[in-house]
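Trainee: Those letters in the sequence shown? Residues 26 to 502, per my numbering, in order.
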Amino acid sequence: MSSEQNKFIKSLRDERNIWLNGKKIDITTDENFSGTLKTISELFSMLDHPEQREQVGYLSPKTKEFVHTAFYVPHSYEDVVKRRTAFETWSQSTDGVMSRLSDYARSRLTGWYASRDDYKKFDKHFPEKLKTYYEKARDEHLFLSIIQRDPQINRASQSSNDLKDLGLLRVTKKTSDGVFLEGAKMIGTAAPYSNDLIVYPLSPLKEEQKCLAHMLVVAPNSPGLHMVCRESFASFKKQQVNAPLSTKYDEMDALLIFDHVFVPWERVLLYDNSEALWQIKLDSASNSLAYHQAIVRLLTKLEFVTAIALEIAEVIGADGYLHVQEKIGELIMQVETIRALLIASEREGQINHHNTYIPNFTYIETARNLGAKYYPRALEILQLIGAGGFIQLPSSIEDFQSPLSSLMSKYFAGANIGADKRTKLFKLAWDLVGSPLGSRHELYERFYAGDPIRNTANQYHHYDKQKLKQMVKKYIG
Ligand SMILES: Cc1cc2nc3c(=O)[nH]c(=O)nc-3n(C[C@H](O)[C@H](O)[C@H](O)COP(=O)(O)OP(=O)(O)OC[C@H]3O[C@@H](n4cnc5c(N)ncnc54)[C@H](O)[C@@H]3O)c2cc1C
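#1: With DSSP run on the structure shown, which of helix, strand or coil describes K199?
#2: For a test of the three-state rule: what should DSSP assign to R505, helix, strand or coil?
#3: How is the alpha helix (DSSP H) around P269 delimited, first residue to last?
#4: For K145, which of helix, strand or coil comes out of DSSP?
#5: Any heavy atom of ligand 1 inside 7 Å of the beta-carbon of T513?
#6: If A440 sits next to F425, beta carbons under 8 Å apart, how far is it from one beta carbon to the other, in whole angstroms?
#7: Where does H487 land, buried or exposed, given buried means 16+ other C-beta within 10 angstroms?
#8: Determine, using beta carbons only, whether L270 and L250 come nearer to each other than 8 Å.
#9: Roughly how many angstroms lie between the CA atoms of Y400 and K352, to the nearest whole one?
#10: Given the structure, does F472 come close to ligand 1, in the sense that its CB is under 7 Å from one of the ligand's heavy atoms?
#11: Rank A474, K490, K498 by C-alpha distance to the C-alpha of S228 and give the top, closest one.
#12: Could you tell me if the beta carbon of D202 falls within a distance shorter than 7 Å of some heavy atom in ligand 1?
#13: Tell me whether Y346 is buried or exposed, calling it buried when 16 or more other Cβ atoms sit within 10 Å of its Cβ.
#14: Should Y274 be counted as a contact of ligand 1 given a C-beta to heavy atom distance under 7 Å?
#15: If you follow the beta strand (DSSP E) that W44 is in, where does it begin and where does it stop?
#16: Which term fits Q375, buried or exposed, when burial requires 16 or more other beta carbons within 10 angstroms of its beta carbon?
#17: Is any non-hydrogen atom of ligand 1 found closer than 7 Å to the C-beta of R255, if you look at the structure I gave you?
#18: Check whether the Cβ atoms of F33 and S66 lie closer than 8 Å to each other.
#19: Cutting at 6 Å between CB atoms, please list the residues of its own chain near K449, excluding the five before and the five after it.
#20: Using the beta-carbon count (16 or more within 10 Å), is P428 buried or exposed?
#21: Is K452 helix, strand or coil by DSSP?
#22: Can you give me the C-alpha to C-alpha distance between Y144 and L356, rounded to a whole angstrom?
#23: Relative to ligand 1, is the shortest distance from any of its heavy atoms to the C-beta of R131 smaller than 7 Å?
#24: Are the Cβ atoms of E361 and M123 separated by less than 8 Å?
#25: Which residue wins for smallest C-alpha separation from E291, given the options D202, I212, M358, E103?
#26: Cα separation between D344 and R471?
#27: Roughly how many whole angstroms lie between the Cα atoms of R38 and Q318?
#28: Say the cut is 7 Å; is the CB of R180 nearer than that to a heavy atom of ligand 2?
#29: Please classify H285 as buried or exposed, where buried requires at least 16 neighbouring CB atoms within 10 angstroms.
#30: Quick one: what's H93 bridged to in DSSP?
#31: What are the start and end residues of the beta strand (DSSP E) that includes V12?
#32: CB Q304 to CB Y225, shorter than 8 Å?
#33: Can we count Q173 as close to ligand 1, meaning its CB is less than 7 Å from some heavy atom?
#34: Pick out whichever of K235, A215, S118, G414 has its Cα sitting closest to the Cα of V340.
#35: Look up T214 in the DSSP assignment and say whether it is helix, strand or coil.
#36: Going by alpha carbons, who is nearest to R393 out of K48, G342, L191, I478?
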């Protein structure tokens, strides 16, 4: 085991309160987490590898040691391509399936760091606090997660009298050392694997909701903080071949419950400051860098679905049918549209007033919003091609060693491959289209960036509509 791998696993043995199936567990020894922990720690170990570290890392200006490129502030087109290479390397190692490997949260932090001086007018301590934390996270290789949404108790209620009943995360006590918090936040994807949790509200807040307007860096082992995990998809009891993705790519999602949790002032990045929080949410460097990572990953995931669809069509001899070719053509169009938008966003980036090169957000936003529609459609196409083949599979690959093996080898065979390989292929595909992990990913792609309807409507709001209006104006005066 490499030193980074070892360090990362050790860092999670810190008495954090993680709950699964009614019990407090240690994720470094619990078998539901072992496959994913191995995947994440292997990615971390790339920084120890002489060739791989060039692909995913750069030298920290402070320690002169390799750190992850998600922390790299781009000053040119080439720098953004360097960031893309690092994200591609990690997402290709996980087939685009793992989405919150911390490179998204690290990119957000990097964007805020690059723009930190813009927020001095709201809070004079913010730039220095942010810089100190960014350098710590970068040089200590911290795995970060961002959690913003309030618990889904009652979306209709907006009244400030209901804060407690709605379970909203609020400061209940302030001392000279820091603040105490009560309430909850969702969805903490990969929170159990994180070294720090960055928590702030998703929506704009009114003046009477000031007690919710904070940006906090919360230590996962803070006394009183509980992470309540959903059911594990990691299928540890099954063979890898039955659920090859669930076994090693289940990032886990957790509800964070704050029961009188203390956060020291140096980790309270913003306090009672709705205006600063809203501006930070709109920060163009942070949004562009974070969603640039998200669409690099999306591209790999769509390529993976397309590759499986191609293979399935050939294996069942359906690749000659026009409608199957048309469907695979649609998948290829998805892949190439996202690729084109990614390239365009990088090429048409701009240097901002902090000398940060920001990928073009209009293209990134378009790719991100298309992704929310493309991915469910890609799974639908996969289902339409594979049809009953996803279900009519032996219960396990071990069945091929049973007394029925010769009959099974005949009847589970494909057009161009043997029964065992066909079974492996369909079980891989089922882990994307039909397993709990697969369904979770469909939901993730629809919602991870927030409400998809609002996100698409925002394209209308932000678009420069004047040019379009001119085209019609000449006819109507
Ligand atoms: C698998 C997964 C992982 C995620 N990981 C993270 C993460 O790591 N960090 C993070 O911060 N977030 C994460 N998200 C959460 C994501 O931010 C939210 O799911 C998203 O913002 C939608 O909010 P919600 O799920 O609370 O849905 P809700 O807001 O509860 O919406 C439920 C329904 O009510 C409708 N609705 C709600 N409010 C209104 C309104 N005011 N007007 C009209 N309609 C309304 C919605 O359109 C929807 O149909 C994740 C989501 C998923 C699915």
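Here a beta-carbon is modelled for each residue, glycine too, at the ideal position from N, C-alpha and C.
Mentor: Taking the geometry as given:
#1: Translated into the one-based positions of the sequence shown, residue 199 becomes position 174. Strand, per DSSP.
#2: The structure shown does not extend to residue 505, since the chain is modelled only from 26 through 502, so no value can be given for it.
#3: The residue given as residue 269 occupies position 244 in the sequence shown. That run of the alpha helix (DSSP H) goes 269 to 274.
#4: Here residue 145 refers to the residue found at position 120 of the sequence shown. Note: K145 maps to coil in three-state DSSP.
#5: Missing from the structure shown is residue 513; the chain here goes from 26 to 502 and no further.
#6: Here residue 440 corresponds to residue number 415 of the sequence shown, with the count starting at 1. Here residue 425 corresponds to residue number 400 of the sequence shown, with the count starting at 1. Going by Cβ atoms, the distance from A440 to F425 rounds to 19 Å, so no, they are not a contact pair.
#7: Working through the sequence shown from its first residue, we reach residue 487 at position 462. H487 is exposed by the Cβ-count criterion.
#8: What you label residue 270 is simply residue 245 of the sequence shown in a count that begins at 1. What you label residue 250 is simply residue 225 of the sequence shown in a count that begins at 1. Their beta carbons are not under 8 Å apart, which means L270 does not touch L250 by this criterion.
#9: The residue you call residue 400 lines up with position 375 of the sequence shown. The residue you call residue 352 lines up with position 327 of the sequence shown. Approximately 14 Å between the Cα atoms of the pair.
#10: The count along the sequence shown starts at 1 and reaches residue 472 at position 447. Checking every heavy atom of ligand 1 against the Cβ of F472, one is found closer than 7 Å.
#11: Walking along the sequence shown from the start, residue 228 turns up at place 203. Answer by Cα proximity: A474.
#12: Indexing the sequence shown from 1 puts residue 202 at position 177. Not so, every heavy atom of ligand 1 lies at least 7 Å from the Cβ.
#13: Counting from one through the sequence shown, the residue named residue 346 turns up at place 321. It is exposed - the Cβ of Y346 has fewer than 16 other Cβ atoms within 10 Å.
#14: Position 249 of the sequence shown holds residue 274. No, ligand 1 has no heavy atom inside 7 Å of this Cβ.
#15: Counted from its first residue, the sequence shown places residue 44 at position 19. That run of the beta strand (DSSP E) goes 42 to 45.
#16: Counting from one through the sequence shown, the residue named residue 375 turns up at place 350. Exposed, by the Cβ-count rule.
#17: Translated into the one-based positions of the sequence shown, residue 255 becomes position 230. Answer for R255: no, Cβ out of range of ligand 1.
#18: What you label residue 33 is simply residue 8 of the sequence shown in a count that begins at 1. What you label residue 66 is simply residue 41 of the sequence shown in a count that begins at 1. In this structure, S66 lies closer than 8 Å to F33 by Cβ.
#19: If you number the sequence shown from 1, residue 449 lands on position 424. Within the same chain, K449 has close Cβ partners V266.
#20: Mapped onto the sequence shown, residue 428 falls at position 403. Flag for P428 reads exposed.
#21: Position 427 of the sequence shown, counting from 1, holds the residue named residue 452. K452: helix per DSSP, three-state reduction.
#22: In the sequence shown, the residue the question calls residue 144 occupies position 119. In the sequence shown, the residue the question calls residue 356 occupies position 331. Those two C-alpha atoms are separated by around 43 Å.
#23: Translated into the one-based positions of the sequence shown, residue 131 becomes position 106. Checking every heavy atom of ligand 1 against the Cβ of R131, none is found closer than 7 Å.
#24: Position 336 of the sequence shown holds residue 361. Position 98 of the sequence shown holds residue 123. No, the Cβ-Cβ distance between E361 and M123 is not below 8 Å.
#25: Working through the sequence shown from its first residue, we reach residue 291 at position 266. The option with the nearest alpha carbon to E291 is D202.
#26: Counting from 1 along the sequence shown, the entry for residue 344 is found at position 319. Counting from 1 along the sequence shown, the entry for residue 471 is found at position 446. The alpha-carbon atoms of D344 and R471 are separated by roughly 29 Å.
#27: In the sequence shown, counting from the first residue as 1, residue 38 sits at position 13. In the sequence shown, counting from the first residue as 1, residue 318 sits at position 293. Their Cα atoms are separated by approximately 29 Å.
#28: Among the ligands present in this structure, namely ligand 1, ligand 2 is not found.
#29: On the sequence shown, residue 285 is found 260 positions in, with the first residue counted as 1. Counting Cβ neighbours within 10 Å, H285 comes out exposed, since fewer than 16 surround it.
#30: As a first step, residue 93 must be located in the sequence shown, where it is residue number 68. Partner(s): G82.
#31: Outside the displayed range of the chain (26 to 502) lies residue 12, so it cannot be described from this structure.
#32: Position 279 of the sequence shown, counted from the start, is the residue given in the question as residue 304. Position 200 of the sequence shown, counted from the start, is the residue given in the question as residue 225. Not in contact: Q304 and Y225 (Cβ atoms no closer than 8 Å).
#33: Looking up residue 173 in the sequence shown gives position 148. Yes - ligand 1 has a heavy atom lying nearer than 7 Å to the Cβ of Q173.
#34: Residue numbering aside, residue 340 sits at position 315 when the sequence shown is read from its first letter. Checking every option, the nearest Cα to that of V340 belongs to G414.
#35: In the sequence shown, residue 214 corresponds to position 189, counting from 1. DSSP places T214 in strand when its eight states are reduced to three.
#36: Locating residue 393 in the sequence shown gives position 368, where the first residue counts as 1. Ranking the options by Cα distance to R393, first place goes to I478.
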